[in-house]
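Notes follow once the structure below has been shown.
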DNA sequence: AATGAATGAGGGTTCATTCAT
DNA sequence: AATGAATGAACCCTCATTCAT
């Protein structure tokens, strides 16, 4: 069940001077911190927290949306890679379960991923591409589960993405992050099985 | 399947001069309208829309947060009433299904309800009381379903509330409000059944 | 040569609480001061100078353009009144000369008037109305001068307005405010006479 | 009536490596284009439009003000050359008329020229020198017109410069750029003639 | 010389909330 | 009670200018 691969590129700026790259990373790190807190994501505050000028933030991320997507991209990429591996993997079942678990866990620690996953109309081409790869991967996984009689016919990759968002919300809507997660994933997994012919 | 009862008291201010009550209602109605639109909920705009001064809004709702909660409480009350009826009702199954459907539908048209439902630590005592009644009602319903072998043992009323929040999020995370709703409710309902002994 | 009438209403806000009116006046006064200086007209700075919050400035003048017009309105009204009197006056010549002189003098001490005069597409209805009255008055004056053989046929009220703007610019484009004014007005006046048949 | 001579040196930097000179010219050209548009003149945008880095712009023009003046100097030089030719020319009348017409036309298409002409205290020595040459040329022209009884005694070269600024303003203060221009020039020309002894 | 990343003062605007009328 | 004027912190964003590479 190999799921992480955090040596994946943090972001995709073609070629950047080393100092600029450092700044970019500092901004992303600060943004992640801010987003984790209750303060939202104000550009000026972010710049201060990152120790750079506002202008620098805007140079790297012309829009808050772009920033959010860049922020979510890291986690999204990891999830995509996991989905693609699961799609290629020939093992029988359990792939979907792993993906749901991972997708949920990542959202809980990464609000930007949760945001990107919940807003399917990406602004950046990179994000759109990742979401597309996720869709393809999930569809492949679903196809295999369906073939094994283990998944409903009326649920596609986009439904899985949306249910994943829902899972994160359900967990977030109350105390305890760990304990309910497994149960909620269970509920959705069981719900995704082909219903017994009544 | 009687679920609505919109003649329920809009809010619970002890005793109010009739004109004050009318104002209160106008403000709540205007707030619901504004919140439905894309403009968010600005207190000054709200006052103008309601045809009263800002001061009047603040007299009734000392804080924006209080207003939002009062707004959500309206919808919440309807849901609570439905849950209490379902709890008293002696009919066999289907009660939980009805409640999920109604809870989802209400959230989709009433963002304030969605917010209140997702934030279980209510600021106002009234809201807290409603949430409590909801819990009691849902637990009764769950107990019956469980007794009939139709519900998992490891899921309680608060889980249902949280899954309801998740459902709203899943529906909101993509295009189409109607079509996926039924399927997603189905998934969760099937997921809530007692799992077949493996 | 009666030209001023500075007891004219400073601005035209229908009915205003006395304190609000006082604020309005303070803002206008501060704006006049700022505009006279070299600092332009920044809303925040203006608010500070006027001793009110920014919000108050925006409440009274939703747009910088509105503020400018309100500012220029005072001087414009005086000019309009002068033009209307000149139009009714039955005396032979000299009316146009007086108007040019007064229009120039006012612009030199009131940059807002210069701005309003130079931008004939007024945003506020009040300003538009004043500009209209100015046009009508000037046309009447021109008609009389023309009838007396003292003005060109190919020049109308709007040309006079524009030449007035030009005069202010010419005076402003060099040192000395008083000395050249009279000469430049002379040049334009002589230029406005019906040219001798060649 | 030969007025233009646009092969005049674009700018006067002592000795410049050919590539540096090319850059300088590109920047000036881009600046002229930007200034003509509605976007104002932002240094970064200018650099991009010129295809150079901001640093390069600043190497050539240490200040925005310097750049604007250099830009205006270009057009100013053409006007100066015209004035000097008119001063040397022995033809009877019409020289002043031509100069006014040309000066106005250039200002209307070249806001930087209008600015330089209106601000007689030039920052750069080059510009100051050009303004000086303009003054000398215009004075010579005026002297000749005066000698022929065609110009007032109380108007000098600086007055002509200032009236030229006024003309540009008058034309700019309303719709229609072409039609009023000729008339306004006419007015000023007639106004500049020696007034008939009353 | 050229480049373009970084800076941060500064201008614009909104809006929850208070309080004089 | 109701009103709506006032407040000012907080955001947003731009852009002239500097400086490390």
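Chains as they are written, first to last, in the working numbering: chain P, 2 to 199; chain S, 2 to 199; chain U, 2 to 199; chain Y, 2 to 199.
C-beta atoms are modelled at their ideal positions from N, C-alpha and C, and glycine is treated no differently.
Where residue 19(S) is concerned, the enclosing alpha helix (DSSP H) starts and stops at 19-37. Below the 8 Å Cβ cutoff, chain Y contributes 170, 173, 174 as neighbours of residue 119(U), in chain order.
Judged by beta-carbon spacing, residue 174(Y) lies within the 8 Å limit of residue 163(U), meaning their Cβ atoms are closer than that value. Taken through DSSP and simplified to helix, strand or coil, residue 181(U) comes out as helix. Listed in chain order, the alpha helix (DSSP H) runs fully inside the region 123-196 of chain Y are 126-148, 158-173, 179-193, counting runs of at least 4 residues. Fewer than three pairs of CB atoms, one per stretch, sit closer than 8 Å, so the region 172-191 of chain P makes no contact with the region 119-136 of chain P. The DSSP-derived three-state label of residue 16(U) is coil.
The distance from the Cβ of residue 152(P) to that of residue 92(P) is about 15 Å, inconsistent with a contact at the 8 Å cut-off. Each residue's CA atom was taken as its position, placing residue 88(S) and residue 116(P) some 37 Å apart. Note on geometry: alpha-carbon atoms of residue 110(U) and residue 160(Y) lie some 21 Å from one another. When rounded, the separation of the alpha-carbon atoms in residue 24(P) and residue 53(P) is 7 Å.
Annotation for residue 77(Y): 114, 117, 118, 128, 131, 132, 135 place their beta carbon closer than 8 Å to its own, counting only its chain and skipping 5 residues before and after. Residue state for residue 112(P) is assigned as helix, using DSSP reduced to three classes. In this structure, the alpha-carbon of residue 31(Y) lies about 51 Å from that of residue 172(S). Counting only Cβ-Cβ distances below 7 Å, residue 193(Y) has contacts in chain U at 188, in chain order. Sequence-distant Cβ neighbours of residue 90(U) in its own chain, meaning closer than 8 Å and more than five residues away, are 96.
Of the candidates 18(U), 105(U), 83(U), the residue whose Cα lies closest to the Cα of residue 137(U) is 83(U). A direct Cα-to-Cα measurement between residue 98(P) and residue 79(P) gives close to 16 Å.
For residue 139(U), same chain residues with a beta-carbon under 6 Å away, outside a window of 5 residues either side, are 84, 158, 161 in chain order.
Annotation: residue 40(Y) to residue 29(Y) spans about 16 Å, alpha carbon to alpha carbon. Below the 9 Å Cβ cutoff, chain U contributes 171, 175, 181, 184, 185, 188 as neighbours of residue 160(Y), in chain order.
Cβ contact annotation for residue 50(P) (same chain, cutoff 8 Å, sequence separation greater than five): 31, 34, 35, in chain order.
Rounded to the nearest whole angstrom, the C-alpha separation of residue 62(U) and residue 67(S) is 32 Å.
At a C-beta separation below 9 Å, residue 107(U) has no neighbours in chain Y, since its nearest C-beta there lies roughly 16 Å away. Taken through DSSP and simplified to helix, strand or coil, residue 117(Y) comes out as helix. For residue 147(S), same chain residues with a beta-carbon under 6 Å away, outside a window of 5 residues either side, do not exist. In the structure shown, the three-state DSSP call for residue 86(Y) is helix.
Taking residue 150(P) as reference, the option from 37(P), 182(P), 197(P), 20(P) with the minimal CA-CA separation is 197(P). For residue 57(S), the enclosing alpha helix (DSSP H) covers residues 55-61.
In terms of beta-carbon proximity, residue 167(P) lines the interface with chain S, with at least one pair separated by less than 8 Å. Sequence-ordered contacts of the region 74-95 of chain S with chain P are nonexistent [C-beta pairs closer than 8 Å]. By the CB criterion at 8 Å, residue 101(U) and residue 143(U) fall outside the cutoff.
A direct Cα-Cα distance of roughly 31 Å separates residue 104(U) from residue 21(U).
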